[in-house]
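If you count by my numbering, then the sequence shown holds residues 8 to 338, one letter each, in order. Worksheet for the structure shown next.
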Amino acid sequence: MTTYDARVNLGELTGIAAKVRDSVENVIEGKPEVVRLALTVLLAEGHLLIEDVPGVGKTMLAKALAKSIDCSVRRIQFTPDLLPSDITGVSVFDQQRRDFEFKPGAVFAQIVVGDEINRASPKTQSALLESLEEHQVTVDGTTYDLPTPFMVIATQNPVEMEGTYPLPEAQRDRFMARVSIGYPSVDAELRMLDVHGGVNPLDDLRPVADADDITGLIEAVRAVHVAPAVRRYAVQLVAATRDHPDLRLGASPRATLHLVRAARAAAALDGREFVLPDDVQALAPVVLAHRLLPTAQAQLNRVGAEQVVAEIVRRTPVPDPYDAESGGRAL
């Protein structure tokens, strides 16, 4: 596997990432910002929650990303009768060997697509908790490592809520970002008909990178510099959610870690070896909003979590890119 250094091989990093992005955009028409976010979360070692109506390309996005980087992909259709062992795996007794053999579950893939995650029971949803945070699964007292890279892209329909089990805060907090794909524009939908009207768009997709490339890019993202002033800015944004009058639950310290990691990946995708306050600002809504719970009064006033995050971003002082703490150079 090639080892990348963010300061030396940033051009190589952005080149590979651009190929992956262009490949996925050939399938997902007119949504470059969503494709970029998915790639950002992947390189930041996070997981993505997509909330949107059926048919807008949630599963297609995950499959296109997996096929573009030649990674293994598994799809889990969450239903009320899905068992935790279907996700994590189960130990089966082998009569010939007179011993138990572990049969891996659906989570043992590099990219896992969890369709309609809120349709499974809370017990089944909780089977994902360990894998989301620790990239491992424990079955019958034995721990099994998950493949690298590892990313879960979970989907849920925010409109049809009958017969669903809302994700608990502990599980939502483990997703680095939440996004809605939205309907395509008229022009994008026309292009989709012209290009993909009679064929499956995934059929023509070929890998433009491999798992080792992505692992190397992840290492390079870890080396992206975050100046003390920018770190403090991220902490201030998250801390402001914890005593906001419109929120009964603010963001956790994990949210701060996710925000900074995502900002590192975003900076690297832009060809920079350092994080700017703009990176943190741009990612704050998608990284923070799904972790927040508005008060009953805020809900009555139709004040949503996204509005609260936008207000916090507006009123939090932005550090100077040439802050003295950075040693006099751009952050």
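Glycine included, each C-beta is placed from N, C-alpha and C at the ideal position.
Out of the options, state which residue places its alpha-carbon closest to the alpha-carbon of residue i.
| i | options | result |
| --- | --- | --- |
| Thr66 | Ala236, Pro39 and Leu209 | Leu209 |
| Ser192 | Lys26, Pro39 and Leu20 | Pro39 |
| Thr86 | Gly53, Val48 and Ser128 | Ser128 |
| Arg213 | Val31, Val293 and Glu318 | Val31 |
| Asp59 | Ser187, Arg181, Gly112 and Ala236 | Ser187 |
| Val34 | Ala227, Ala305, Arg198 and Gln314 | Arg198 |
| Asp219 | Thr162, Gly37, Ala273 and Leu50 | Leu50 |
| Gly96 | Leu135, Ala230 and Ala269 | Leu135 |
| Val316 | Asn207, Arg271 and Ala262 | Ala262 |
With burial defined as no fewer than 16 other Cβ atoms inside 10 Å of the residue's Cβ, what is the status of residue i: buried or exposed?
| i | result |
| --- | --- |
| Phe107 | exposed |
| Gln132 | buried |
| Gln117 | buried |
| Asp201 | exposed |
| Arg249 | exposed |
| Gly335 | Because Gly335 sits at a pLDDT of 44, beneath the cut-off of 50, its placement in the model cannot be relied upon, and the following sentence gives the value as read from the coordinates. Label assigned to Gly335: exposed. |
| Lys70 | buried |
| Arg239 | exposed |
| Pro326 | buried |
| Ser138 | buried |
| Pro5 | This structure cannot speak to residue 5, because the chain is shown only from 8 to 338. |
| Gly18 | exposed |
| Pro156 | buried |
| Glu52 | buried |
| Ala303 | exposed |
| Ala272 | buried |
Take residue i and list the residues in its own chain whose beta-carbon comes closer than 7 Å to its own, dropping the five residues that flank it on each side.
| i | result |
| --- | --- |
| Val27 | Leu46, Ser75, Ile76, Val215 and Ala216 |
| Ala247 | Ile319 and Thr323 |
| Gly64 | Ile35 and Ile188 |
My assumption, with CB atoms under 8 Å, is that residue i sits in contact with residue j. Please give the rounded CB distance.
| i | j | result |
| --- | --- | --- |
| Phe115 | Val146 | Their Cβ separation, rounded to whole angstroms, is 11 Å, which puts Phe115 and Val146 out of contact at 8 Å. |
| Thr21 | Leu283 | Rounded, the Cβ-Cβ distance is 16 Å, inconsistent with contact. |
| Val320 | Leu264 | Contact flag wrong, Cβ pair sits at about 19 Å. |
| Gly257 | Leu299 | 7 Å |
Report all residues from its chain with a CB closer than 8 Å to the CB of residue i; omit the five preceding and five following residues, and keep chain order.
| i | result |
| --- | --- |
| Val310 | Asp253 and Pro301 |
| Leu266 | Ala241, Leu244, Val245, Val287, Leu290, Ala291, Val294 and Leu295 |
| Leu89 | Ile83, Ala127, Ser128 and Thr131 |
Go through its chain and collect everything with a Cβ distance to residue i's Cβ below 6 Å, but skip five positions before and after it.
| i | result |
| --- | --- |
| His297 | Arg179 and Arg185 |
| Pro154 | Gln117 |
| His142 | Leu153 and Phe157 |
| request: Output the residue ranges of the beta strand (DSSP E) runs that lie fully inside the stretch 167-207 and measure 3 residues or longer, sorted by chain position. | output: Qualifying beta strand (DSSP E) stretches, in chain order: 184-186.
| task | Kindly provide the ranges of any beta strand (DSSP E) runs that are 3 or more residues long and lie completely inside the stretch 72-155, ordered along the chain. | result | Runs found: 80-84, 96-101, 106-111, 118-122, 143-146 and 149-152.
| field | Uninterrupted alpha helix (DSSP H) stretches inside the stretch 240-299 (no shorter than 4 residues) | value | As far as the stretch 240-299 is concerned, its whole alpha helix (DSSP H) runs of at least 4 residues are 260-276 and 284-295.
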